[in-house]
Structure formats: C-alpha cells, structure tokens
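Report on the structure given below.
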Amino acid sequence: MDWYFWIFAIMALGGALFTISYKDILPCAMGLLTVFIAMAALYLHLNAPLVAVFQVTIYAGAILVLVLFVVMLLMSPGEKIKKAQVNCANRFMGAVLTVGLVLLLGLGTKGLSEVLGSRELSENFGSPGQLGDVLVKKFILHFEVVSVLLLAALVGAIYLAKKRI
Amino acid sequence: MADYLYLIPLFPLIGFLINGLLGKKMGKPMVSMVGCLSVGAAFLVALLSFNELLKLDPEHRQLINTLWTWMAVGAFQVDVSLLLDQLSGVMILVVTGVGFLIHIYSTGYMHEDESYWRYFAYLNMFVFFMCCLVLGANYLVMFVGWEGVGLASYLLIGFWYQGMENAVAGKKAFVVNRIGDFGFALGMFLMFWTFGSLSYFDVFPKALHMFEQGHLMLNAPVMVAICLLLFVGATGKSAQIPLYVWLPDAMAGPTPVSALIHAATMVTAGVYMVARSNVLYTLAPTASLVVALIAAATALFAATIGILQNDIKKVLAYSTVSQLGYMFIGVGVTAYWAGIFHLMTHAFFKACLFLCSGSVIHAMGGDQDMRNMGGLAKKMPITYVTMLLATLAIAGIPPLAGFFSKDEILWRAFTYPYFPVMGKIIWFMGTLGAGITAFYMFRLIFMTFHGEFRGTPEQARHLHESPPSMTVPLIILAVLSVTGGWLGIPHLIGHALNHHAPIPNLLETFLNPVFEHSERIVALKGKIYHYSHWLEWSLMGLSVAVALGGIAMAFHIYIRRYHELPARLARKYAIHYQLVYNKYYVDEIYYYLFVLPIYYFSLFLWKIVDALCIDRVGVNGPAWLVRRISVGTSLIHDGYMQTYGAYMLLGLVAMLAFFLGYR
Amino acid sequence: MDITTVTLNHYIALSVLLFCLGTLGVLVRRNALLIFMSIELMMNAVNLMLVAFSHYKADLAGQVMVLFIYAVAAGEVAIGLAILIALFRHIKNVDINNFNIMKG
C-alpha cells in the first residue's frame, strides 16, 4: 500500500475541490497552494527531484505570489459580485459536459498501464545531472526557443504595465 | 477578272466605313463624292466582269472568286466565295446601276438634311450587303447579305428617328423580316441535313443526281419543305402575303430609300433567291404552286388596296407589293427568266416612279397627299414626262418595258405545265390585277399632274422643277423603262416583226444555261400542251385591252367627272370603301391576333416569371433565407467566454465519444 | 485487479480528475482570477501525467517537457495577470459577465 501516493493524491484532490468551490478568492488561492505542494511531493515520489524543486519555486513561489498580489490589489475581501447571472444554461451544459469528459477519459484510459508496460529505471534516474545532460544535448533547440519566448513575455508585460503617457 | 469580283462589294463597304466614321467631319460635297463614287466604282467593276463573262462560252459562263474558308466544322464547310454567272450578272448590274443613279439623286434630295453623312453611310452599307446577297456562291453568304439588307432597311426607314412613327415603322419592318428570316434559316438547316452542303455547286447537282437516279421523287416531302421554308423567308423580304405589312409603313423613310430598297433591289432578293434555287423548286411542284398562288393573291389583293390610297407613296408601295406578286408568279410557274425579266423592268420603272414622286414631294414642300396636288404638269415638265413614261410602262402598254415582262409572265402562267387548270386561274387573277394596276397608276397621274391645283397658295408659290442632280437620273430611268423591255422580246413578236431574221429574245437565251436543268425536268414531268399562236396573240391583245380599259376608267372618274363621281361612289359603296381604304384591316387583325397576345405573354414573363419567380424566389429568396438563418445562428455567440468554452468542450466530448465508441 | 498497488493507471486517473476539476472551474465560476487559477490547475494535471509517464517509461523527455511547461506557464501568468489588471482599470470589477462585446 503506497501511503505516500494516496495521502498526497487525496490532498491534491481536496485542494482542487477547495479551489473551485469557495466564493471568496483567498481560500481558493490557499487551496491552489495545497495542490501545488501535493504535486511537488508526488514528483519527488516519481524520481523527479529537480522537477519538484522547480514546482515549488515557480508555481508556489512565483505564480502563486503573483496571484496573491493581484488579489491584494484588485479585490476587497468579502466582496460580492452584484450583477445577475445571464448564461446559466450554457454554464450548466459546460458542467454536465465536464462530467461527461471525466467519464470518457476514464473509460478511454482504462487498462492503459497494462498496454503500455513499464521499464526498469536506471540508477540516478531523474537526477539533475542526467536531466541537464538530456536538456542540453537533446533539447537544446527547445531550450533556446523558450528563452526567446520568455523575452517576448517580458516585453509584453512591460508594455502592458506601462502607464499611458 | 474573276479574282477581282470581291471589289464589287468592297467599294461600297469602304464607302460605308469612311462615311460612317469620318462623315460627320467631312463636308457634304466630300460625303456625296465618297458615297456615289464607291457605288459607281462597284458598277464599273460589275460591267467589266460582265464583259468578261460575255467572252466566255455560254455553257460555262461562271466567274468564281473564293476568298477564304469561313468555317470548317466537322462535315460542314462554308467558304466565302463569290459567283458571277448570268443570273447574278443581270442582278448585280441592276443593283449597282440603279443604285448609282439613286445615289446621285439623293445628293439633290437630301441636300438640306443634317444627317447627310449618316444617310450615305447607311446607303453604302446597304449596297454592300446587297452585293453580298447577289454575288454569294452559297446560301450562307446570301443569308449574310439577306440579313444585312434587312438591317440597312431598318436603319434607313427609321432614318428620321426623332419622329415616333418612323422608328415604329423601322421596327415593324425589321421584326416582320426576321420572322421570314427564321423560315429561311430553317430551310437552310433542312437543306444541309438533306444535301450536306449549302453551296450552289453542291446542292443543285446533288439534287439533280438524286432525282435522275430515282432516289428523290418529284414532290418529295423534304424538297417541298425546303422550298416552302425558303419561300417563307421570301415572303418576309419581298413583301408577299402574309408578311407584306411592313412595306407600306416603310414609306416613312426618305423617298430615295423607298426607291432603292423597297422597289428596285432589296424586295427583289426573294425573287432572286427562288430563281437561283430553280432546280429545287422545279423538283417540288407543290411548292411552286404555293408560290404562284400566294403571289397571284398578293398581286390582286395589293392592287385593290392601291386604288383608294391618297398618299402618293402608299400607292406606289402597294403597287410594289402587287408587282412583286407578278415576279413570284413568274418564278412560281417555273418561268424563271420571266420573273427575272420583270424584276429588271420593274426596277427601272418603279425606281423612276418613286424618284419622280420624290421630286413632286420636294416641290410640294413635303406634302404627300394627292388630294392637295393637281395640275403639276405645267410646273414640272420633266418630272411629268418621265413619270408618265414609267406609268405607261407599269400599265403594260407596248412597246414599253412592262408590257413585255408582264405579258410573258401571264402567258407562262396560262400555260403552266405542272398544273394547267391552276395556271388558268392564276392567269385570270394576274390579268385582273393588271387592269387594276393600270387604273390606279393613272389615277395617280391624273390626280397629281392634271386638273386644278388643290393645295394651299404658299405651296403653289413653292412649286418648281427639281435640280439636275434629281432630274438626270429620272431621265435615264425613263429611257430604260421604255427600252428595257426590248431585251426580252417574245418569239412570237420577234418572228412577226421580221420573218427572215427574227429578233431574238436576248434575255431568255442569255439566262437559259442557268435554268436549263429546270426546263428539262419540266419538259419531262409537266403536261406540255401545244398552244396555238392565235391564242397567244389574243391573250396579248386582251392584256393590252384590259390596260387601256383601266386607263379609260381612271380618265373617266378622275378627269371628266372628278368633282362628283369619286365622292358619290364612295358614299354608294360605303362599306366596301371603308374596307379597302383601311387596307382590309389586316394590320388591326395582326395586332389583335399576334401582337397583343405576345405583348401580354411577354408582360407575364417579365413580371411573373422573371421578376417574381427568378428574382425574388430564385435569387433573392435563398439570399434572404441565408441571411435570416445566419443572423439567428450567430446569436449563439453571446459574448461570454464560458459559453464558448462550453461549446468547445461539447465538440471535444463528441469527438472523444465517437472515437472511443468506434474502437 | 489489485486497486491498491499504485500503477500508472492511478496517476492517469488522478491527472484526469484534476484536469476535469480545473475545467469545471473555468466553465462555471464568474471571477476572472479564479478562472485563471483553474487554468493553472489544469496545467498541473498535465505536468503530473508527463512526469508519471516519464517515470514508468524510464524516459527523461517527460521531465524536460515539464520544465518547458514551467517556463511557458510563468510567462503566461505574467502576461495574463497584466491583462487582468489592465481590464480592471476600465471596469472596476473582474466579473467576466461584463465582457460580452463579441456578442453576435
């Protein structure tokens, strides 16, 4: 019985439910944090320590902080949204379809593990050294492209945040 | 010279282009010079070619000039080629010669008109197309000319288009002509289907060959059909019953146009066509009979209308219809050369008559009503003398031209080989018509030139003889009316005049090679009786007597007892008078029978079929429907992102379900 | 089938559930920021699946992909929140019901 997995799986699911269900925005952010931490733990369990570290750093550390900043800037606590809901039917359809999606995906991926099989893990699998090796040797182009992407994001963010002259 | 035949149509074409494109900027003298010289040059080339033709052996008198291959589509090949043989030689001389005289006349008549250049351009175009028609070596080139002269006729009838009636008359002429052309086209199709070609050199030998081999019976239905369809075209072009109705209205055009187109040349195109197709008509006696009967009916019918018309040009118009009837009688009773002979003499005297009437109208300041005329003989001597000579010719008084041609036709009708009994009937109708012709023509002379002047005083002051540009052509045509008949003196008279060296029938012997096959077939298949000379002389004398009787009656009514007799007769026979005066109400009958139904039908097609069904339901309807549906459907985009997301998810779920279910 | 032994199936199931919870959040909630957070939830689900596959198939490419996704996600969050703030300046709340200009 893999307690590790089950604990953190429940934690992730609970956090997700928390996130999408509260009216106030701050509890939702906390729920999201829970999900992020659970993910990091699961990554550790899956022989991906570097990915786990990155998860905590980037998601829990950067992204979530940005979200909290925005919450702080934009929303007063307990603020109720006043306008009445207009597209109830479409949203209900969306919800129903999501349930359908779960069922379909679940059914579709049933028994996938047996079909795909599994392999033996090598020593030091997922270690930073190995990961860096693969990153720089096989995925060097993707790496460079992502850096350009980040540059674009940087420029865009500066432009958006700039005050109008 | 054969290689230069194309110059005959080319000169008028160049004249048309120059006058049409540049005429507005050239002065009137330049325009008249271009116009007249082009036709004059064509006449010169025609004379030279004719001369060349005469040098050839009588059996092989043909000059052929093939210009280029017009179309070669599968089994169908047509060349643009011109043929000058005896028949087209006579025709082309008449067309270009009389045309040239009328061009000269027009320089005087149309002198004050501002669209002078347009007139000469159209007139040259007409001569060009007429030359195409006459010189064509196959039916298609003839048809080009056929249609082209119809177009020129429309343009020239409606020349003063600012007046509504003129435009309407032009339109009527064109539409009625087109009905005939439709028949002609069907005849051509049938001819191609039967003989595989439209060239004279293919169709006629093939027809003869098929007849001699026994493949083609006399009176075969397909031959009768071809001949009748071609004749439908001829009724349209040459104003026979039932398509003659455009010719009286065509008098709305300038008088020289009436002279050239509607007397001398265009309306004779039908006669030329039948004469050219003589082999086909001889092989289909039923068709020939139909032609002759319709022609006889037309001759008589039109003559009766002519006796009561008051417009000088209308009288001449109905006279033309009537005389065309005589020509068709000639070619209908297989006396082809006689029909062509009458065509030639008619061109001379009818053109002279029209030009003289133009002179009179000119002097009367545009008034055409004979009731306002009278006593013009003293004021316009040249016009009077020439018109009198032409009228004597048309009445059939020997030794002027009309006597010989008309008499030949009537004699040949009397001795019609295929249907002797019908021939006698046709002769009777023709003779009666000849008497009526003499009557109404002299009525015209007496009302116009004799008696007291009945017009207004300003008109009386204005009366004058026409300038030389107008009177010289009149004199030339009058001389031709007198002497033209001497080309076709019948054997009887030729023998009688000189026993030892009989005067030959020049025209008949000249044209004989063109018609010899027909003569042979008629001799083979017709019932040839031998008629005595005494009968021929007495018939000849009878027709002269009838003509003199007509003149005498006209003299009696319109000179001696003019003041009360015509009016009294009109009152006494009021119903007949109204009927004949209103042209037997034929125009009205056509209007209610054909024009109005077609008008309402086209109104229906326009308003209901086109505007409603096709436009509203067919074209705009689906567009409106699509618009409505799309506007409705686009409301699915309500602007909310979650709706869009929901629909995207819908698509995704559907696809997943499909693929998972499929597996 | 022993449901207690954790195989790839479990990770896949967990990932699917997280993903669908994220979808639900996107399609049903009104607050724009919350929708944003649900999108991050969906991305995390995908990351989990990638790492799980990388583990069970002994292929490091999965983990490398996850690194790239981190980079992209970071950039996206920055820009997205900047847009959100820009929108907020015009309309004083973040209710997405206001943004229906593309109607029709």
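Chains as they are written, first to last, in numbering that gives the first Met the number 0: chain A, 0 to 164; chain B, 0 to 662; chain C, 0 to 103.
C-beta atoms are modelled at their ideal positions from N, C-alpha and C, and glycine is treated no differently.
Subject >> residue 620 (chain B) beta carbon less than 7 Å from that of residue 101 (chain C) >> reply: no
Original post:
Going along the chain, which residues of its own chain have a beta-carbon closer than 8 Å to the beta-carbon of residue 83 (chain C), five neighbours each way excluded?
Top reply: 31, 32, 35 and 93
**OP:** Anything in chain A within Cβ reach of residue 652 (chain B), meaning under 7 Å, just list it in chain order.
**Re:** Counting only Cβ-Cβ distances below 7 Å, residue 652 (chain B) has contacts in chain A at 96, 99, 100 and 103, in chain order.
Original post:
Which class does residue 71 (chain B) belong to by DSSP, given the choice of helix, strand or coil?
Top reply: strand
Subject >> Nearest-angstrom Cα separation, counted from residue 41 (chain B) out to residue 296 (chain B) >> reply: Their backbone Cα atoms lie some 37 Å apart in a straight line.
**OP:** Please report how far the alpha carbon of residue 348 (chain B) lies from the alpha carbon of residue 565 (chain B), in whole angstroms.
**Re:** 28 Å
Subject >> residue 629 (chain B) classed as buried or exposed, judged by whether at least 16 other C-beta atoms fall within 10 angstroms >> reply: exposed
Original post:
Are any of the Cβ atoms in chain B nearer than 7 Å to that of residue 110 (chain A)?
Top reply: no
Original post:
From what residue to what residue does the alpha helix (DSSP H) around residue 254 (chain B) run?
Top reply: 254 to 258
Original post:
Pick from A:103, A:157 and A:131: whose alpha carbon is nearest that of residue 660 (chain B)?
Top reply: A:103
Subject >> Residues that residue 101 (chain C) contacts on chain B, provided the C-beta gap is smaller than 8 Å >> reply: Per Cβ cutoff of 8 Å: 636 and 638.
**OP:** Let me know if residue 442 (chain B) comes out buried or exposed under the rule of 16 or more other beta-carbons within 10 Å of its beta-carbon.
**Re:** Counting the other CB atoms within 10 Å of its CB gives residue 442 (chain B) a total of 16 or more, which places it among the buried residues.
Original post:
When the Cα of residue 71 (chain A) is compared with those of C:75, C:87 and C:54, which residue comes out closest?
Top reply: C:87
Original post:
Since residue 344 (chain B) contacts residue 400 (chain B) with CB under 8 Å, what's their CB separation in whole angstroms?
Top reply: Between residue 344 (chain B) and residue 400 (chain B) the beta-carbon gap is near 4 Å, inside 8 Å, which marks them as a contact.
**OP:** Measure the CB-CB distance between residue 258 (chain B) and residue 354 (chain B) and report whether it falls below 7 Å.
**Re:** Against a cut-off of 7 Å, the Cβ pair of residue 354 (chain B) and residue 258 (chain B) comes out as a contact.
Subject >> Local conformation of residue 78 (chain B) per DSSP, three classes >> reply: strand
Subject >> Spatial distance of residue 658 (chain B) from residue 652 (chain B) (CA atoms) >> reply: 10 Å
Original post:
What do you get for residue 581 (chain B), buried or exposed, if any count of 16 or more other CB atoms within 10 angstroms of its CB means buried?
Top reply: exposed
Subject >> Under 7 Å between C-beta atoms of residue 34 (chain A) and residue 42 (chain A) >> reply: no
**OP:** Go through the segment 32 to 60 of chain A residue by residue and report every complete run of the alpha helix (DSSP H) that reaches 4 residues or more, in order.
**Re:** Here the runs fully enclosed are 48 to 53.
Original post:
Rounded to whole angstroms, how far is the Cβ of residue 199 (chain B) from the Cβ of residue 137 (chain B), which I believe are closer than 8 Å?
Top reply: The distance from the Cβ of residue 199 (chain B) to that of residue 137 (chain B) is about 6 Å, consistent with a contact at the 8 Å cut-off.
Original post:
Bridge partners of residue 281 (chain B), per DSSP?
Top reply: Paired residues: none, contrary to the question.
Subject >> Opening and closing residue of the alpha helix (DSSP H) in which residue 156 (chain B) lies >> reply: 138 to 156
Original post:
For residue 62 (chain B), which beta-bridge partners are listed by DSSP?
Top reply: Beta-bridge pairing links residue 62 (chain B) to B:83.
Subject >> Coarse secondary structure for residue 30 (chain C), derived from DSSP in three states >> reply: strand
**OP:** Using DSSP bridges, identify the partner residues of residue 198 (chain B).
**Re:** B:137
**OP:** Count the other C-beta atoms from every protein chain shown that fall within 10 angstroms of the C-beta of residue 212 (chain B), then say buried if there are 16 or more, exposed otherwise.
**Re:** Result: exposed.
Original post:
Of all Cβ atoms in chain B, is any one closer than 7 Å to the Cβ of residue 86 (chain A)?
Top reply: yes
**OP:** Return the CA-CA distance between residue 29 (chain A) and residue 76 (chain C), expressed in angstroms with no decimal places.
**Re:** Using only the alpha carbons, I get a separation of about 17 Å.
Original post:
Tell me, which residues are paired with residue 94 (chain C) by DSSP?
Top reply: C:30, per the DSSP bridge assignment.
Original post:
Does any C-beta atom of chain A lie closer than 7 Å to the C-beta of residue 2 (chain C)?
Top reply: no
Subject >> Beta-bridge pairing of residue 310 (chain B) - partner residues as DSSP gives them >> reply: B:368
Subject >> Test: residue 117 (chain A) CB closer than 7 Å to a CB of chain C >> reply: yes
**OP:** Keeping to the same chain, check which residues put their C-beta closer than 8 Å to that of residue 15 (chain C); ignore five residues upstream and five downstream.
**Re:** 44
**OP:** Mind listing the chain C neighbours of residue 633 (chain B)? Cutoff is C-beta to C-beta under 7 Å, in chain order.
**Re:** Going along chain C in sequence order, the residues near residue 633 (chain B) (Cβ under 7 Å) are 103.
**OP:** Within the same chain, show all residues whose beta-carbon is closer than 8 Å to that of residue 58 (chain C), passing over the 5 residues directly before and after it, in chain order.
**Re:** 52
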